[in-house]
Amino acid sequence: MWVAGEAYEPYVGRWSRLVAHRFVRWMGAAPGGSWRDVGCGTGAVTQAVLDVAEPVTVVGVDPSAGYVAYARKSVTDQRAGFVLADAVNLPFADSTASVAVSGLVLNFVPDAPRAAAEMVRVVRPGGLVGAYVWDFEEGGMEAIRAFWDAASALDADAADLDEAVRFPLCGRAPLGELLVGAGLEDVEVDEISVPTRFSGFDDYWQPFLGGQGPAPAYVASLSEDQRAGLRERLRSALPPAADGSIALRARAWAARGTRGT
């Protein structure tokens with residue numbers, strides 16, 4: 001589902017980068033550490049770590065060769081590196097990092113508890129582990145909530161593909177429980193909300209034609225007439241401002257905890 005960074009960036013990458021910087025600051029890690037970015041994708045979190053956390057090193061991990069290649073090309077800081085690997089089998093020795101983080105990924109990992117346990121394993125005692133996911137539980141990712149509301153109104157089967165149904169991890173309580181279950185101490189959960197302003201309806205709609213992610217994959221499965229019907233229903237549901245723009249918001253749930261000594 002996730003193979004090309006070029007398609008991801010206009011879809012949600014531009015918003016995930018805003019969240020990534022706020023998340024890294026919220027982690028509150030001391031400068032000078034060694035970070036692991038699990039499920040690094042296009043490198044948004046890795047770049048945020050470089051920008052605001054003053055790390056010695058940060059290593060991004062992703063199972064998609066296309067994403068690793070994109071991240072290597074777009075993140076050129078010599079402190080950063082990227083490896084091809086899976087979240088449930090991290091290629092790092094025990095207790096070798098000071099911080100391990102994951103952005104917008106754990107809901108896509110079939111065994112999220114194991115991935116969380118792996119993140120805990122690779123950090124040193126007293127180190128930090130954190131993750132954030134879009135708020136699908138309460139509809140806080142408004143651009144995608146509007147999409148599935150429109151799709152479900154036209155096609156009853158679309159409701160089963162909705163991230164709110166498929167990803168129960170994407171809520172305040174489940175995300176916190178995941179980190180507690182991994183053995184972390186002092187677990188905290190908070191929200192990170194950012195504006196998602198689209199210059200016009202085409203700016204909103206075009207990224208859904210990229211084929212990556214649950215909603216774009218659904219669009220790709222439709223006939224031309226069905227796609228046109230969905231587009232027009234969305235256009236009606238998202239009235240623009242006087243300048244033609246569409247102003248929405250995106251909320252993510254973020255959780256952090258400390259590995260015990």
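The sequence shown begins at 1 in our numbering and counts up by one.
C-beta atoms are modelled at their ideal positions from N, C-alpha and C, and glycine is treated no differently.
Leaving out five residues on either side along the sequence, give the residues of the same chain with a beta carbon under 6 Å from the beta carbon of A85. To locate residue 85, count along the sequence shown from 1; it is residue 85. Once the five neighbours on either side are set aside, the close Cβ partners of A85 are V61 and P91.
So, at 8 Å on beta carbons, what are the nonlocal neighbours of A150 in its own chain, with the 5 sequence-adjacent residues on each side left out? Taking the sequence shown and counting its residues from 1, the one referred to as residue 150 is at position 150. Excluding residues within five positions, the ones whose Cβ falls inside 8 Å are L230, R233, L234 and A237.
Neighbourhood of R121 by C-beta distance below 7 Å, restricted to the same chain and skipping five residues each side: On the sequence shown, residue 121 is found 121 positions in, with the first residue counted as 1. Excluding residues within five positions, the ones whose Cβ falls inside 7 Å are D94.
Residues that D190 bridges to, as DSSP identifies them: Counting from 1 along the sequence shown, the entry for residue 190 is found at position 190. Note: D190 sits in a beta bridge opposite A254.
Count the other C-beta atoms from every protein chain shown that fall within 10 angstroms of the C-beta of G260, then say buried if there are 16 or more, exposed otherwise. Mapped onto the sequence shown, residue 260 falls at position 260. Burial call: exposed.
Where D149 falls: helix, strand or coil (DSSP): Your numbering for residue 149 matches position 149 in the sequence shown. It is helical.
What would DSSP say about S16, mapped onto helix, strand or coil? For the purposes of this step, residue 16 is taken as the residue at position 16 of the sequence shown. If DSSP states are grouped into helix, strand and coil, S16 belongs with the helices.
Local Cβ density within 10 Å of A220, reported as buried at 16 or more and exposed below that: Stepping through the sequence shown from its first residue, residue 220 is reached at position 220. A220 comes out exposed.
Proximity winner among V105, E118 and E54, relative to D77 (alpha-carbon distances): Within the sequence shown, residue 77 is the residue found at index 77, counting from 1. The candidate whose alpha carbon is nearest that of D77 is E54.
Just tell me which of R249, T96, L106 and R22 has its CA closest to the CA of Y204. Indexing the sequence shown from 1 puts residue 204 at position 204. With distances taken between Cα atoms, Y204 lies closest to R249.
Quick one, which of R25, A173, E191 and G176 has its alpha-carbon nearest G140's? In the sequence shown, the residue the question calls residue 140 occupies position 140. The residue with the shortest Cα to Cα distance from G140 is E191.
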